[in-house]
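> Residue numbering for the sequence shown follows full-length UniProt numbering, beginning at 1 and increasing consecutively.
So that we are looking at the same thing, I have put the structure below in structure tokens.
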Amino acid sequence: MSRYFDKHVRVKQFEKGDLVLKKVDAAGRGASVGKLNPNWEGPFIVKEVLKSGGYHLQDVDGTPLDRARSGDDLKRFYP
């Protein structure tokens with residue numbers, strides 16, 4: 001089963017300067033939020049690519065986000 005997953009998984013790789021969307025944190029949604037609210041927020045700019053596979057992001061206006069994000073929580077933004 002793991003061989004099937006490993007064979008079909010698509011690794012997400014972003015480079016510095018790419019525009020990405022960030023998955024909305026479950027804690028940031030609140031308890032009263034329904035399932036029709038957006039699951040993604042952004043766009044953000046990839047500020048730095050870490051060796052561990054994480055990414056430091058910043059807003060379009062240049063404000064950095066507080067922590068690094070995993071590539072699993074990001075997807076490419078197409079303007």
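Note that CB positions come from ideal geometry on N, CA and C, so glycine has one too.
Keep in mind the model is a prediction, meaning the values are calculated, not measured.
#1: Measure the alpha-carbon distance for alanine 68 versus proline 79 and round it to whole angstroms.
#2: Should leucine 57 go down as buried or exposed, given a rule of 16 or more other Cβ atoms within 10 Å for buried?
#3: Using CA atoms only, rank isn't needed, just tell me which of Ile45, Arg76, Ser70 and Ser52 is closest to proline 64.
#4: Ends of the beta strand (DSSP E) at tyrosine 4?
#5: How long is the line joining the alpha carbons of tryptophan 40 and aspartate 72, rounded to whole angstroms?
Looking at the coordinates:
#1: Numbered from 1 along the sequence shown, position 68 holds the residue referred to as residue 68. Numbered from 1 along the sequence shown, position 79 holds the residue referred to as residue 79. For alanine 68 and proline 79, the distance between alpha carbons rounds to 23 Å.
#2: Residue mapping note: residue 57 aligns to position 57 of the sequence shown, counting from 1. Under this definition leucine 57 is a buried residue.
#3: The count along the sequence shown starts at 1 and reaches residue 64 at position 64. Out of Ile45, Arg76, Ser70 and Ser52, Ile45 has the C-alpha closest to the C-alpha of proline 64.
#4: What you label residue 4 is simply residue 4 of the sequence shown in a count that begins at 1. From DSSP, tyrosine 4 is part of no beta strand (DSSP E) but of the alpha helix (DSSP H) over 2-8.
#5: On the sequence shown, residue 40 is found 40 positions in, with the first residue counted as 1. On the sequence shown, residue 72 is found 72 positions in, with the first residue counted as 1. Whole-angstrom Cα-Cα distance: 12 Å.
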